[in-house]
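Trainee: Sharing a structure here in structure tokens format.
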Amino acid sequence: METIKNNFQYLLIIFASILLSACTSLHWGNIKNDTHNAIKVKLTFSNEHGTRFLETSVKPNSSEIWEYDQSSLVSTKIDKNLVEFEATNSEGCIITFNREAIVEQAKNHKQQIIVKSQDFIDVCGATESINYK
Amino acid sequence: MDLVTTNPQKNALTLEQFEESLHKAIDKPTTNFRMKRIGPSRQGGRREVKVHNGAHRAKWAKTTVNASLRTISINVFLNFKQNKLTTDDYIKLKNLAIAGIKQYWSNTITVNGVRFNVTVNALHKNSRDAIPVDLKIEESEKYARSMNPAILGIDAKFIYQKGQRASEKHIDDDFKYVSAHEFGHSVLIYVGGISLSWGHKGSTNALLQNVKSSTPGYPTSGNLDLMKYYDKNKRESFLFQRVNDSIAMEIDIKRLIWSSEIIWKP
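Protein chains in written order, with my numbering: chain X, 1 to 133; chain D, 134 to 399.
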């Protein structure tokens, strides 16, 4: 009886593993503020259910997380619904990443979008905003 | 001086009223009942009350109701297994799991019009009566799925996502949430079986675990049901909302009480 019970347990675990591996899995998207000041970020998500925005501020040298489900079959690991990322510093300088730039960012920083002081310097120089598009 | 005075004894909630209201709230009326002896025996107040046939038989939970103080203390017993973890990691994960269950499952509930403060205390117990839990650490960047089938004595798995690129606080908080959620599967399966537990209260397919088409996305504000899934394709979980805003719903706390042995203090 004990043997049957053990075998059934293993079969159940194998069956569950097969099912789970076929499903989507949870991912964390990480926005990291590597500057010395708080920044405001705006993320735009779009899919068949519509367009949604996440707007928040991120403290210096800290990070914020959003979560998404995605199949392992999707080639880019960063949220496929994230179509635009925008960050604004205290001086009003805006940097914007389109989907292509987001994928590049995530690839270079292992699935994180990292905003650095240099990004604002590179883009604005003085005070004007320029888009990475 | 008021002419009308209230008699606290007259209005005091009785165990029978508590049981009847609780059973009704979770749709387990005492039509199929057995007589259950409940109450502190040393005070001579041990009585028999009607309870649903399945009620109060789980050995991994014990509830103490103090009717006059309007407090409910629930001890839940889990057998946290160290396996290959170092002692430091084991202690850390065990303490986080205990803190998580207390944080997410303690709340207020109303039974028969009386509001109770409920505190849920998770305790480690190296016994077959406790819920068996394997504590694990995922070192890779992949988010490993924790689980608690809560059947056939299969161990639950609470997994700490050490490999995630996030702050230690984020990872600790996620583990506390996961521990509370996975513990909840033992409650749901005890009360409602596989469809309620594996189906996440109707929000997912019980076997595939994918969200149903009728399942909504994460709401823009307010509390989330600790035991439900939400469709992140309809609206993502922003700012760690799943971890920050979830709480055990009143009905699930009542389900936990229904599962457990009750000690009644008038």
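Glycine residues also receive a C-beta, built at the ideal position from the N, C-alpha and C atoms.
Predicted model, so just to flag it, every value in this text is computed and none were measured.
What residues from chain X crowd round residue 271 of chain D, counting only those whose CB sits closer than 7 Å?
Mentor: Result: empty, since nearest Cβ-Cβ is about 12 Å, beyond 7 Å.
Trainee: Considering only residues of the same chain and omitting the five flanking positions on each side of residue 333 of chain D, which have a CB-CB separation below 7 Å?
Mentor: 360, 361, 362
Trainee: Find the nearest neighbour of residue 31 of chain X within the set X:48, X:52, X:116, X:121, judged by alpha-carbon distance.
Mentor: X:116
Trainee: In this structure, does DSSP put residue 99 of chain X in helix, strand or coil?
Mentor: Reduced to three states, the DSSP call for residue 99 of chain X is helix.
Trainee: At the level of alpha carbons, what is the spacing between residue 197 of chain D and residue 397 of chain D?
Mentor: Each residue's CA atom was taken as its position, placing residue 197 of chain D and residue 397 of chain D some 6 Å apart.
Trainee: Only counting runs of 3 or more residues, tell me where the beta strand (DSSP E) segments fall wholly within the region 223-254 of chain D, in order along the chain.
Mentor: 240-244
Trainee: In the DSSP assignment, find the alpha helix (DSSP H) that holds residue 207 of chain D and state where it starts and stops.
Mentor: Premise fails: residue 207 of chain D lies in the beta strand (DSSP E), 204-214, not in any alpha helix (DSSP H).
Trainee: Strictly by DSSP, which residues pair up with residue 41 of chain X?
Mentor: X:56, X:87
Trainee: Taking the alpha carbon of residue 252 of chain D as the point to measure from, which residue in D:386, D:395, D:392, D:394 has its own alpha carbon closest?
Mentor: D:386
Trainee: I'd like to know whether the C-beta of residue 315 of chain D is nearer than 8 Å to at least one C-beta of chain X.
Mentor: no
Trainee: Using a Cβ-Cβ distance cut-off of 8 Å, determine whether residue 278 of chain D contacts chain X.
Mentor: yes
Trainee: Using only the alpha-carbon positions, how far apart do residue 326 of chain D and residue 351 of chain D sit?
Mentor: 26 Å
Trainee: Evaluate the contact criterion for the region 297-316 of chain D versus the region 274-286 of chain D: three or more CB pairs, one atom per stretch, below 8 Å.
Mentor: yes
Trainee: Going by beta carbon distance, what residues of the same chain come within less than 6 Å of residue 341 of chain D, once the five residues before and after it are set aside?
Mentor: none
Trainee: Can a CB atom of chain X be found closer than 8 Å to the CB of residue 367 of chain D?
Mentor: yes
Trainee: Can you pull the chain D neighbours of residue 64 of chain X, defined as C-beta to C-beta under 8 Å?
Mentor: 372, 373
Trainee: Using the beta-carbon count (16 or more within 10 Å), is residue 170 of chain D buried or exposed?
Mentor: exposed
Trainee: By the 9 Å beta-carbon criterion, what residues does the region 280-308 of chain D contribute toward chain X?
Mentor: 280, 282, 284, 285, 286, 287, 294, 297, 298, 299, 300, 303, 307
Trainee: Using the three-state DSSP reduction, which class does residue 357 of chain D fall into: helix, strand or coil?
Mentor: strand
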